[in-house]
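Reviewing the structure listed below.
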Amino acid sequence: MENRGLLFIPDISGFSKFVNEAEIEHSRYIIKDLLEILINANEIGLEISEIEGDAILFYKFGKPAELRELYKQVEKMFCAFHRYLINYDHRKICQCHACISAVDLSLKVITHYGEFTEYNVKNFSKLIGKDVIVAHQLLKNDIEQHEYWLVTSNILQDQEPADFREWMEWNTSVRQTETGEIAFHYTQLGQLKKEILADPLPKLEVKDKVKLVSITKEFNEEIKKVFFTIVHYEFREHWMEGVLNVKEVSHLIPGVGSLLRGELANGQQTMYYSSGFSYHPESRILFSETEQNNQQATNYIMEKKGPETTVLTLEYYEKMNVFKEFLFRFGKKKELEQKYKRSLDNLEAFMKEITMPGDF
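Residue numbers (the working numbering): 3 to 362.
As structure tokens, this is what we get:
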């Protein structure tokens, strides 16, 4: 049985502050996504020993991997990690502390080679050995920046690490551990973020749409609270007439492109996207939804009129031809206007029950 191998630990920096200060439910979803992204980016056959909150202990028995192969793995994980955060920041709608600060999370990777073995506790496989302890102790070091790749001398085998990218610079240091001094090289990875671009937002705007209904109501509430109540879909059943519940299908945190399923009181279902967002709480917030068939859209426009005064306008659009528009205006229009008026009255009453998180 082999007892020497690679220990590979990607560690999320800023995790403790993020979890302690952020809205716990959303921070949980974000960290879960990030850990899954790191696991899915594994291309060199690494095994998982355990997930330790903000880090994953990967291992692989056998001879030391080539340094270039290790770098490609580090680069893959680092770029996947930050691509998620950049895209998340680009499409986020929620303004809680977790959602707005997620982009500040960073990643470091520790790679060490040494002796260790496996042992099983019921259905769990764990690692034991002095080099497992060393690898964990290397997470705590005096490197000032928090986005780097650390390689111990055990992997380098007395060779100098190569510059795999033109910007790459290696530094040396040592860490005093319980088993003595461990020499290592490290290089910063932050330059890789400059190569990552946000994916374009999905184009969900209804073309040739016609505004059919526009209802306005003034609320004695601050603009952020009105926005918070509208954008959190779990509240929709409490104020939107005819809605039993709304659940996210594709994302668990509100964002542009999120697909939602609405259960209606008439037994029907409706599928729609969060399709647009503009956030300027000092003056105006716009949030829009588009039905999946790309035929109908709803805008929620919030305008700040004072510290505790917000004017909300609900606009309903449909893709129309002249004949359909004529039928709507002389049939469904009045019914829909009354429904939206009652819904905004419900919203006014429901907001009195809402306590907005302090970090929103």
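A virtual CB, placed ideally from N, CA and C, is assigned to each residue, including glycine.
Note that this is a predicted model, so its numbers are computed, not measured.
Own chain partners of arginine 238 with C-beta closer than 6 Å, once the 5 adjacent residues on each side are dropped: Reading the sequence shown from its first residue, position 236 is the one you call residue 238. Within the same chain, arginine 238 has close Cβ partners Val245, Val248.
Residue(s) in a DSSP beta bridge with valine 176: The residue given as residue 176 occupies position 174 in the sequence shown. Paired residues: Ala185.
Local Cβ density within 10 Å of methionine 273, reported as buried at 16 or more and exposed below that: As a first step, residue 273 is located in the sequence shown; it is residue number 271 there, counting from the start. Burial call: exposed.
Local Cβ density within 10 Å of phenylalanine 10, reported as buried at 16 or more and exposed below that: Stepping through the sequence shown from its first residue, residue 10 is reached at position 8. With 16 or more neighbouring CB atoms inside 10 Å of its own CB, phenylalanine 10 falls in the buried class.
Outcome for tyrosine 86 when other beta-carbon atoms lying within 10 angstroms are tallied against a minimum of 16: As a working note, residue 86 is residue 84 in the sequence shown. It counts as buried.
Residue closest to isoleucine 102, alpha-carbon to alpha-carbon, out of Leu199, Glu38, Ile88, Cys81: Indexing the sequence shown from 1 puts residue 102 at position 100. Selected option, being the one with the closest Cα: Ile88.
Residue burial classification, asparagine 42 (beta-carbon count within 10 angstroms, cutoff 16): Position 40 of the sequence shown, counted from the start, is the residue given in the question as residue 42. By the neighbour-count rule (16 or more Cβ atoms within 10 Å), asparagine 42 is not buried but exposed.
Buried or exposed (CB count within 10 angstroms, at least 16 for buried), alanine 104: To locate residue 104, count along the sequence shown from 1; it is residue 102. Result: buried.
Separation of lysine 341 from proline 12, as counted between CA atoms: As a position in the sequence shown, residue 12 is number 10, starting the count at 1. As a position in the sequence shown, residue 341 is number 339, starting the count at 1. If I take the Cα positions, the gap works out to 52 Å.
Same chain, Cβ closer than 7 Å to aspartate 35, five either side skipped, listed in chain order: Counting from 1 along the sequence shown, the entry for residue 35 is found at position 33. Around aspartate 35: Tyr86.
Methionine 79 - containing alpha helix (DSSP H), residue span: Mapped onto the sequence shown, residue 79 falls at position 77. From DSSP, the alpha helix (DSSP H) with methionine 79 extends over 69-93.
Same chain only: Cβ atoms within 8 Å of glutamine 159, ignoring 5 sequence neighbours per side: For the purposes of this step, residue 159 is taken as residue 157 along the sequence shown, with counting starting at 1. If we look at glutamine 159 and ignore the five residues flanking it on each side, its Cβ neighbours are Pro66.
Stretch-stretch touch, CB-based, cutoff 8 Å, three pairs: the segment 302-321 with the segment 192-200: no
Phenylalanine 126, buried or exposed, once every other Cβ within 10 Å from all chains shown has been counted against 16: As a position in the sequence shown, residue 126 is number 124, starting the count at 1. So phenylalanine 126 ends up on the exposed side.
Assigned exposure category for serine 29 - 16 Cβ within 10 Å defines buried: Translated into positions along the sequence shown, residue 29 becomes position 27. By the C-beta density criterion, serine 29 is buried, having at least 16 other C-beta atoms within 10 angstroms.
Glutamate 138, DSSP secondary structure in three states: Taking the sequence shown and counting its residues from 1, one reaches residue 138 at position 136. As written in the sequence, residue 138 is histidine, which differs from the glutamate given in the question. DSSP places histidine 138 in helix when its eight states are reduced to three.
Valine 105 - DSSP class collapsed to helix/strand/coil: Residue numbering aside, residue 105 sits at position 103 when the sequence shown is read from its first letter. Three-state result, valine 105: helix.
Pick from Phe289, Asp56, Asp165, Glu146 that is closest to phenylalanine 229, judged by C-alpha positions: The count along the sequence shown starts at 1 and reaches residue 229 at position 227. Among Phe289, Asp56, Asp165, Glu146, the Cα nearest to that of phenylalanine 229 is on Phe289.
Spatial distance of methionine 322 from histidine 282 (CA atoms): Translated into the one-based positions of the sequence shown, residue 322 becomes position 320. Translated into the one-based positions of the sequence shown, residue 282 becomes position 280. So the alpha carbons of these two residues sit roughly 31 Å apart.
Segments of 4+ residues assigned as alpha helix (DSSP H) that fall wholly inside the segment 14-68: DSSP runs (the alpha helix (DSSP H)) wholly in the segment 14-68: 17-23, 26-42.
Limits of the unbroken alpha helix (DSSP H) element including isoleucine 198: Translated into the one-based positions of the sequence shown, residue 198 becomes position 196. Premise fails: isoleucine 198 is in no alpha helix (DSSP H) and is neither H nor E.
DSSP-derived helix/strand/coil call for glycine 333: Position 331 of the sequence shown, counted from the start, is the residue given in the question as residue 333. Three-state result, glycine 333: coil.
Bounding residues of the beta strand (DSSP E) (the contiguous stretch that carries phenylalanine 289): By one-based count along the sequence shown, residue 289 stands at place 287. First-last of the beta strand (DSSP E) with phenylalanine 289: 286-293.
Beta-carbon contacts of valine 258 that lie in its chain and below 6 Å, excluding the five residues immediately before and after: Numbered from 1 along the sequence shown, position 256 holds the residue referred to as residue 258. Once the five neighbours on either side are set aside, the close Cβ partners of valine 258 are Arg93, Leu203, Ser276, Phe279.
Span separating the alpha-carbon of tyrosine 73 from that of phenylalanine 166: As a working note, residue 73 is residue 71 in the sequence shown. As a working note, residue 166 is residue 164 in the sequence shown. Roughly 8 Å separates the two Cα atoms.
Secondary structure of methionine 353, DSSP reduced to three states: Your numbering for residue 353 matches position 351 in the sequence shown. Helix, per DSSP.
Beta carbon of aspartate 56 nearer than 8 Å to that of isoleucine 14: For the purposes of this step, residue 56 is identified with residue 54 of the sequence shown, where counting begins at 1. For the purposes of this step, residue 14 is identified with residue 12 of the sequence shown, where counting begins at 1. If you check the CB distance, aspartate 56 and isoleucine 14 come in under 8 Å.
Whole-number beta carbon distance between isoleucine 58 and isoleucine 46, since they are thought to touch under 8 Å: Within the sequence shown, numbered from 1, the residue matching residue 46 stands at position 44. Within the sequence shown, numbered from 1, the residue matching residue 58 stands at position 56. With 8 Å as the limit, isoleucine 46 and isoleucine 58 do not qualify as a contact, their Cβ atoms being about 14 Å apart.
Coil, strand or helix - glutamate 220 by DSSP: Residue numbering aside, residue 220 sits at position 218 when the sequence shown is read from its first letter. If DSSP states are grouped into helix, strand and coil, glutamate 220 belongs with the strands.
Simplified DSSP assignment, three categories, for glutamine 340: Here residue 340 is taken as the residue at index 338 of the sequence shown, counted from 1. Residue state, collapsed to three classes: helix.
Identified DSSP bridge partners for leucine 314: The residue labelled residue 314 in the question sits at position 312 within the sequence shown. Lys219, Met304, per the DSSP bridge assignment.
C-alpha gap between leucine 109 and serine 285, whole angstroms: In the sequence shown, residue 109 corresponds to position 107, counting from 1. In the sequence shown, residue 285 corresponds to position 283, counting from 1. Their Cα atoms are separated by approximately 36 Å.
CB contact flag (leucine 349, threonine 231, <8 Å): Your numbering for residue 349 matches position 347 in the sequence shown. Your numbering for residue 231 matches position 229 in the sequence shown. A contact, by the Cβ cut-off of 8 Å.
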